[in-house]
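One structure is given below, encoded as structure tokens.
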Amino acid sequence: MALTLRAVPCLSDNYAYLVHDTDSGETAVIDVPETGPILEVLKAEGWTLGHILITHHHDDHIGGVAELRASTGARVVGAAADAHRLPPLDAAVSAGDSHAMGPVRAEVMDVSGHADNHIAWHFPDAKLCFTGDSLMALGCGRLFEGTPEQMWASLQRINALPGETLICSGHDYTAANARFALSIEPDNTALQERIAGFDADRAAGKPMAVVPLDTERATNPFLRAAAPHIKASLGMAGAPDAVVFAEIRRRKDAF
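Start counting the sequence shown at 1247; every next residue gets the next number (this note's numbering).
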């Protein structure tokens, strides 16, 4: 499968993502913080947008949907359970469903926690997962509506994907997340090496919010709450994983 990925910086620290299937010519965007930058990439690439896939209802992810739909005629797809606070949907989906983009299949995952009815879009054949504000580069979203147990379960669903899956999250909070990650696990050499490469990655124009899942497993404290040495360092040896996750999230909120 020849899927082309374009990360599109929007607003101050958001990303939208365009995926294009070169065989069928089908193109989708995941989340629309604003319209202009997305239209610019579509024009530069010569792509016709057919699908707008929404992860959750927050305005910095859907603020440009109405304008982009009017400009392109693309179909809008989002969570059925959240339809009352999303832009009008052309197709409503639930966890376990899939959406066809020509020959390309996007699977719907429940990743609630940051927001109720938050979904992720997983393209298994292309090894891409668009996680919105659930799992992020070196972090995870604040729990505005869900519980720690709910978010921990959501992260485990993402963590069960193949390690080479590219996690494409909705924001670039990487630098701040890295400082916090070091406060939890200062001796993690994989984390230290990742941080040491930040300047080169940015200089090369690499989107910092696009990271292999294996890298997140090795460095993201929110995925590592089950590690015995982390539990011990927090004074929580033997505590349930979700409880340790909740403590890490509490510390990040106050960091």
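Cβ atoms here follow ideal geometry from the backbone N, Cα and C, with glycine treated the same way.
Contact between the region 1483-1494 and the region 1379-1398 is present: 3 or more CB-CB pairs across the two stretches fall below 8 Å. Non-local C-beta neighbours of D1328 in its own chain, meaning closer than 6 Å and more than five positions away in sequence, comprise H1303, N1363, ordered along the chain. Annotated three-state conformation of M1397 is helix, per DSSP. Residue pairing for Y1419: DSSP places it in no beta bridge. For P1255, the enclosing beta strand (DSSP E) stretches over residues 1249-1256.
The beta carbon of L1384 sits closer than 7 Å to the beta carbons of T1420, N1423, A1424, A1427, T1465, N1466 from its chain, once the five residues preceding and following it are set aside; these are given in chain order. For E1280, same chain residues with a beta-carbon under 7 Å away, outside a window of 5 residues either side, are C1256, L1257, G1309, G1310 in chain order.
By the neighbour-count definition (other C-beta atoms within 10 Å, threshold 16), S1429 is an exposed residue. DSSP assignment within the region 1423-1472 yields the following whole beta strand (DSSP E) runs of 3 residues or more, N-terminal first: 1456-1458. Out of L1335, H1345, G1451, F1369, the CA that lies nearest to the CA of I1413 is found in F1369.
Comparing alpha carbon positions, the residue from V1322, T1377, H1475, V1339 closest to S1415 is T1377.
Going by beta carbons, R1388 and V1357 fall outside the 9 Å limit.
Every unbroken stretch of the alpha helix (DSSP H) spanning 4 or more residues and falling wholly within the region 1354-1411 is given here in chain order: 1394-1405. By DSSP's assignment, H1266 forms a beta bridge with T1250, T1273. In the structure shown, A1326 adopts helical secondary structure according to DSSP, grouped into three states.
Sequence-distant partners of I1276 (beyond 5 residues in either direction) whose C-beta falls short of 6 Å from its own C-beta, in its chain, are Y1263, L1299, W1367, F1376.
DSSP places V1490 in the uninterrupted alpha helix (DSSP H) bounded by 1487-1499.
CA-to-CA, the gap between T1273 and G1348 works out to about 9 Å.
In the structure shown, A1341 adopts coil according to DSSP, grouped into three states. Selection I1476, H1345, L1285 evaluated against S1317 yields L1285 as nearest (Cα-Cα). Counting along the chain, H1475 sits inside the alpha helix (DSSP H) bounded by residues 1474-1479. Inter-residue distance for G1296 and R1321 is about 6 Å (C-alpha atoms, whole angstroms).
With contacts defined by Cβ atoms closer than 9 Å, L1459 and N1405 form a contacting pair.
For I1300, no beta strand (DSSP E) encloses it, and the DSSP letter there is neither H nor E. Note on geometry: alpha-carbon atoms of A1500 and F1468 lie some 15 Å from one another.
Sequence-distant partners of F1444 (beyond 5 residues in either direction) whose C-beta falls short of 8 Å from its own C-beta, in its chain, are T1420, A1421, A1424, M1454.
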